[in-house]
Each structure stands twice: as structure tokens, then as C-alpha cells.
């Protein structure tokens, strides 16, 4: 039925390819959680959740956002040089970050409320950030080449490697297994990613420092306009984890982390899969001045159905399901899920189509929204006296309001684009 609904659309087939790979990749860690949550303590998971949140925030700075421009040049050689430019910037950034961590580790651990037992993880953040940003750069090149099956295969291989390492180290009693598995998964992702881009004709022969400097200037809007707002946006997506760590405890973060995995991570990966295909699809149609509104409307309807279904299932089953899934201690995670599901659902609907701002080169609009969203969520600081349940309710209310406004901005841009191509 869905295939018939999108009949004749390359967008649909590419999305299905990535979504299928994403589903497999996410089912691996989700299924393993039932085992891992019984091997590692909630505090272990709380510490790794803080680590992953830090990585997700600083990875934005790592490449100065130049990887997002890889889809835009007409010449393949320019795309290759943008890959090298992004990797070079990431290496320099993380080398500096590593030095900063060595000097300021104790102060950073104190701010994040990390106990001495877990503060060592800060040393590994630059490594994780570099590996994360490196594959992200490679991934954009694969999107340009429409290598969606390769992207799906890479996601699955990463999760398998991560899961095997975390389970194996956990069974042997190694408390650092969650961290080691995460880094090992990133490493495997890079190995498989490089294998795929080389198969797609990626070559060092076109490497040119001169051309990279020119491209850095050509696409300077990404670091100048998109970087800081994207940084704010990353903070918004990860702020709750860090604030809970600061205001409550590592154990509470551990409970919240499972909720985030079941709700936010699958939603985020689904968003990433769809937005990558949508970026390539709309970029091409923009060059040809073709209509995009039909694909957008169909996609919104499909995502709305997914979001509403998700809300119903979580509200009815969450506490009971979490207890069976991860143990009685995680009944609390099910309560958190019932609170957070409206925000997760609206992000499923809105976030995938937000890539339109990049495809149509209107990143100033999204930048303004990201800054406004950051300012709004900063107000959570004033609710630190609340218990964690009420704190999460305030967060959800802010998030829903913010994303409704975001959706309105997206639809206004689509209508404006359609009006322009009709005039031409």
C-alpha cells in the first residue's frame, strides 16, 4: 500500500533502503540492552550517556560543518576535496581538545557531576569525536553517490561490532566495556565506510590544498552561519542528559538513558536516514526547478502515522514493557517514556523534512530557530528544584511548542519555493 502511495518516486525506494538498514542497525543494541542492563549498573550507563552526549555536542565543531556541503558541488573532485578538508579540520580540532581535557579533566568532571570512578572517560572523548565526524563525512559522500545500500550495511556492521565488544567485556567483568564497545563500533564504521567510498571511485589523485582553500571560501556559510546554531541545536538535543547528571545522579541518568534509547535513538536514526535521501532528492529537483511539495506531503502523512502509533503503544505498554525488557529496576524508565513520547513523536514528523533548509540553501532560517530553541531550553535551569518527573514534563512542553513553530517555518519555505518555480 505504501509502495503504491509513493509509486514512481526514487525518494521512496531510497528511503526504504536506508530505513531497513537503520531498523536492523538499531534492533541490535535495543535487543542487547536486555542483556547489557543486567550486566552493567545504571551508574555505568549514566556515565556512558554523559560521554555520548558530550561527543554529540562537540562533533558539530569538529568539521566546521563542511561535510554538509559534500552533496552540493557538481564536480566529483570538489566533493572529494571537501571530504579531505573536513577530515583535516576534525583532526586539528580534536588534537586541541585532547590537550584541553588533559589540563582541565578534574574541573570538567566536577561540572558534569562525574564521580572519580568514571572521570577517565573524558580522555577518550576526542577519539570518539574524531571517529564519529570522520564517518559522518564519509557518509555524506556515500549519499552523494546514492550508495544507500552501502550506508545501511555500514550501520549494521557498526552495531554488531559495538554489541559484541560491550557484551564480551561486560561478561568478563570489565566496567569500561560500554565505552570500549562504543569506540570500537565507530572504528569499524570508518573501516567499512572507507571501503565503500573507494569502491565508488573515491581517489586521492584529485587532492589539492589549493582547491580545498577555495572550497572553504565557497562554502563559508556553513561555518559562519550554520555552525553556532547547529552547536546550540546539539546542546538542546543532549542538554537534558547533562542537566539530569548535574542536578540529580548517575543512576537517574542511567534510567533516563534507556528511555532515550528506546524513544529518541530509533527516531533520530529514522530521521537521519530519511533526511539524507531527502537532501539528495531536493538538491537535484532544486537544480532542475522541479516541484517538491507532493513528495513532502506524502512524507509528512507517513511520518505522522508512525508518530501517532508510537504515542499509543508507549502510553499503554511502557512501564510494564520496560520492566520485562530490562528488569524491575527499569520500571522508572517506562514512566519516563510515557512523559517523553509526545516530544519524540513530533520530532519524527518534523526533523526529517527540516533538511529542506539545507537543500534549498536557506540555512539562515534554521539557524535562527536553533538559537531560539536553545534559549528556550536554557530556561530549564530555573526548574532544577523540581523532582525529575516534573522536570521532564516541563522539558516536553517546551520541546513540543518549539517543534510546532519549526514545522510552520518548514511549510512556509516549501510554499515559497513552489511559488518561485511557478513564476519561472
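Numbering (my numbering), first residue to last: 1 to 424.
Built from N, CA and C at the ideal position, the CB exists for glycine as well.
Note that the structure is a prediction, hence the values are computed from the model and not measured.
The C-alpha of residue 60 is placed about 26 Å away from the C-alpha of residue 28. For residue 319, the uninterrupted alpha helix (DSSP H) segment begins and ends at 293-326. Taking 8 Å as the upper bound for CB-CB distance, residue 111 and residue 226 are not in contact here, some 27 Å apart. Excluding five sequence positions before and after residue 406, the CB atoms of its chain that fall closer than 6 Å to its own CB belong to 350, 369, given in chain order. In the three-state reduction of the DSSP assignment, residue 81 falls in the helix class. Taken in chain order, the whole alpha helix (DSSP H) runs of length 4 or more contained in the segment 185-222 are 209-218. Unbroken alpha helix (DSSP H) stretches of 4 residues or longer found wholly inside the segment 40-104: 42-62, given in chain order. The three-state secondary structure of residue 271, taken from DSSP, is helix. Residue 62 and residue 138 do not touch by the CB rule: their CB atoms are close to 14 Å apart, not below 8 Å. Nearest in C-alpha terms to residue 53, of all of 132, 177, 279, is 132. The segment 369-382 and the segment 320-333 do not touch, with fewer than three beta-carbon pairs separated by less than 8 Å. Counting other Cβ atoms within 10 Å of its Cβ, residue 92 stays below 16 and is therefore classed as exposed. Counting only the Cα atoms, residue 252 lies some 12 Å from residue 391. Below 8 Å, enough C-beta pairs join the segment 140-150 and the segment 196-206 to call them touching: three or more.
Here the C-alpha atom of residue 387 lies approximately 10 Å from the C-alpha atom of residue 393.
The beta carbons of residue 337 and residue 259 sit about 5 Å from each other, so the pair counts as a contact at 8 Å.
Linking residue 371 to residue 123 through their CA atoms gives a straight-line distance of about 29 Å.
Assignment of residue 147 by DSSP, reduced to helix, strand and coil, places it in the coil class. With a threshold of 16 other beta carbon atoms within 10 Å, residue 379 falls short and is exposed.
The beta-carbon separation of residue 348 and residue 306, rounded to 6 Å, stays under the 8 Å limit for a contact. Around the beta carbon of residue 74, a 10 Å sphere encloses fewer than 16 other beta carbons of the protein chains shown; the residue is thus reported as exposed.
Taking all protein chains shown into account, residue 381 has fewer than 16 neighbouring C-beta atoms within 10 Å of its C-beta and is therefore exposed. Residue 69 and residue 219 have their C-alpha atoms spaced approximately 7 Å apart. At the C-beta level, residue 356 and residue 311 stay beyond 9 Å of one another.
With fewer than 16 other CB atoms across the displayed protein chains lying within 10 angstroms of its CB, residue 401 is exposed. Closest option to residue 332, judged by alpha-carbon separation, among 345, 344, 318, 342: 318. Around the beta carbon of residue 50, 16 or more other beta carbons lie within 10 angstroms, which makes this residue buried. Assignment of residue 387 by DSSP, reduced to helix, strand and coil, places it in the coil class. With contacts defined as CB atoms closer than 9 Å, residue 292 and residue 301 fail to qualify as a contacting pair. Relative to residue 358, the option among 222, 419, 398, 335 whose CA is nearest is 222. Rounded to the nearest angstrom, the gap between the Cα atoms of residue 286 and residue 230 is 23 Å.
In this structure the segment 149-163 touches the segment 179-194; the number of beta carbon pairs closer than 8 Å is three or more. For residue 179, same chain residues with a beta-carbon under 7 Å away, outside a window of 5 residues either side, are 48, 51, 121, 124 in chain order. Under the three-state reduction of DSSP output, residue 286 falls in the helix class. DSSP places residue 236 inside the alpha helix (DSSP H), whose first and last residues are 227-247.
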